[in-house]
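Residue 459 in this note's numbering sits at position 453 of the sequence shown; the count goes up by one each step and never skips.
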Amino acid sequence: MDLLLQSCDLITAFLLIYGLKRMSSPVTASSGIVLAGIGMMVVTLASFLYVFGVSGEARTHLPVNLLLGGLALILGVGWSWWRGHRVPLTAMPQMVALYNGMGGAAAGAISAMELLAHPDASNVRLAITIAGGFIGSFSFSGSLIAWAKLEGKLPKPWRPRFLQLGNGLVLLLAVASATALPALLPNENLLALFFLCSFAFGALITLPIGGADMPVVISLCNACTGIAVGFEGYVLHHPALMIAGTVVGAAGSLLTLLMARAMNRSLGNILFSNFGETGQEEAQVTGQLKPISAEDAAATLCYARKMIFVPGYGLAAAHAQRKLYELAKRLQEEGADVKFAIHPVAGRMPGHMDVLLAEAGVPYEMIVGLDEINGEFPTTDVALVVGANDIVNPAARTDKGSPIYGMPILDVDKAHQVYVIKRGQGKGYAGIENALFTADNCRMVYGDAQEVLGQMLLSIKELVGQR
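As structure tokens, this is what we get:
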């Protein structure tokens, strides 16, 4: 039985790592996800084989434990399968944040049970168990707040006076209770205080973070969940949990740092400062917005030779990704060079726009990142912005008083002509006016992206038919 269990761990480790490798390419990503999922299914089902090694008094609890484990498995698989098929891509970030938080909660629950069941464990094991519990609880509450913000239940950042002082006191209390735990276990009151403080710290540190930083927060919580799972895997002597947790923690940490760098901000600045407060007066945007009809914009697109499309969250909200790709294909048929420019923090979670375009069937070679595409804007005839705002705001380059100053942006304003599709005149996550919208080379096409793109496509077909 031990050999069988170890073999399952080995198979799972291989499938997880090989699946992650295949996820590095859009061509093989789907099969990589399936392989990693099979690996997790193998080790989950194998966990039920541990009952054959249970003896003594513990065996009397087996029927109840197996019933609870089976029920949890059925509920978890059933709920995630149902929600996974029903959730729209616009709500995918919320689902990712929520499910990631469940992983942190599981790690915290394992930590609590281990601390109560083995209070006489070695100091190293107790320290790792406590660390996993703190990180898991932190990730759980932080993910819940991220979910609530993205779901619109907490629309504004919560920034009361002395918040940082309160955060410090809560953290100090969590550390103090964690330090006292090894000597006072199994003290349930102290254990409850430790987890309450850990949970509160994760919530309090996430509440003041603005919506523009939510992709980084989701990535950070994902990394924390992985680390917590890896720690608890060590405590349980479970290789599959250690490997999975380590891989997720490492990948999530790297992604978090890369995304923070893409915003030209440190991770500490995102977590411990108020997004939007610069200490300098923001420059006023001058000029007038210049509306244009979808038909007139389509006429320019029809005769342009080089175009760059810039998708944002507004595209996802309108479910217009397929219509945008249909427009791109029609223009390509007329000999135009069309590319899609992706900003690292576009959307509401890492890779949101990439997933959106992949769902629409956009070939990977048409999707270009910020660093590679920015040099092409000065030679671009038309840049079409669909539902993006802060990531194309030139104030990030010129206005030192702007809350987004220093953040790398897509240099859309350098294109010969810019069309921006927006539902209205609302501001982006940063809550500031966009200087691009009043630029001389920019025109605003107001309306739902799905309808506007449809009108553009129809107009282009009519223009081509008249040639």
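Quick reminder that beta carbons are idealized off the backbone N, C-alpha and C, glycines included.
A quick note: this is a predicted structure, and the numbers were derived from the prediction, not measured.
C-alpha distance - residue i paired with residue j, whole-angstrom precision
i      : j      : result
Val241 : Ile379 : 47 Å
Thr66  : Tyr56  : 14 Å
His124 : Leu187 : 12 Å
Val33  : Ala103 : 25 Å
Ala246 : Ala257 : 16 Å
Met220 : Phe144 : 16 Å
Ala113 : Asn106 : 11 Å
Val451 : Tyr425 : 7 Å
Asn71  : Ala78  : 10 Å
Gly412 : Ala402 : 5 Å
Arg131 : Gly375 : 44 Å
Phe4   : Leu10  : Residue 4 lies beyond the residue range present for the chain, which begins at 7 and ends at 473; the question has no answer from this structure.
Pro384 : Leu177 : 50 Å
Gly232 : Val49  : 17 Å
Val458 : Gly471 : 20 Å
Asp8   : Val361 : 41 Å
Pro166 : Ile80  : 43 Å
Ala133 : His244 : 17 Å
Ser259 : Met372 : 28 Å
Cys308 : Lys329 : 16 Å
Leu190 : Gly255 : 31 Å
Gly76  : Gly138 : 25 Å
Gly172 : Gly430 : 39 Å
Pro350 : Ala268 : 6 Å
Trp85  : Met119 : 25 Å
Gln286 : Trp164 : Interpretation of Gln286 is limited by its pLDDT of 47, a score under 50 that renders its predicted location unreliable; the figure taken from the coordinates is listed afterwards. The alpha-carbon atoms of Gln286 and Trp164 are separated by roughly 22 Å.
Sheet register partners of residue i (DSSP bridge)
i      : result
Ile314 : Lys345 and Ala389
Tyr452 : Lys428
Gly375 : Ile348
Gln423 : Val388
Pro297 : Met450
Residue j beta carbon less than 8 Å from that of residue i
i      : j      : result
Gly393 : Ile427 : yes
Ala352 : Ile314 : no
Ile39  : Leu21  : no
Arg449 : Ala303 : yes
Lys312 : Thr386 : yes
Gly357 : Cys227 : no
Asn399 : Ala441 : yes
Glu340 : Leu463 : no
Arg519 : Leu156 : Outside the displayed range of the chain (7 to 473) lies residue 519, so it cannot be described from this structure.
Thr306 : Gln423 : yes
Ala342 : Ala322 : no
Chain D contact for residue i (CB, 8 Å cutoff)
i      : result
Gln423 : Judged by its chain identifiers, the structure shown contains no chain D, having just a single protein chain.
Anticipated Cβ contact below 8 Å, residue i with residue j, distance rounded
i      : j      : result
Ser204 : Thr262 : Not really, about 20 Å apart at Cβ, beyond 8 Å.
Val223 : Thr212 : 6 Å
Ile415 : Arg336 : Going by Cβ atoms, the distance from Ile415 to Arg336 rounds to 28 Å, so no, they are not a contact pair.
Gly208 : Phe146 : 7 Å
Gly25  : Ala52  : That pair is no contact at about 17 Å.
Ala184 : Ile136 : 5 Å
Val388 : Val316 : The pair is not a contact, with the Cβ atoms about 11 Å apart (cut-off 8 Å).
Quick check on the DSSP output: what are the complete alpha helix (DSSP H) runs of length 4 or more inside the stretch 148–176, in order along the chain? none
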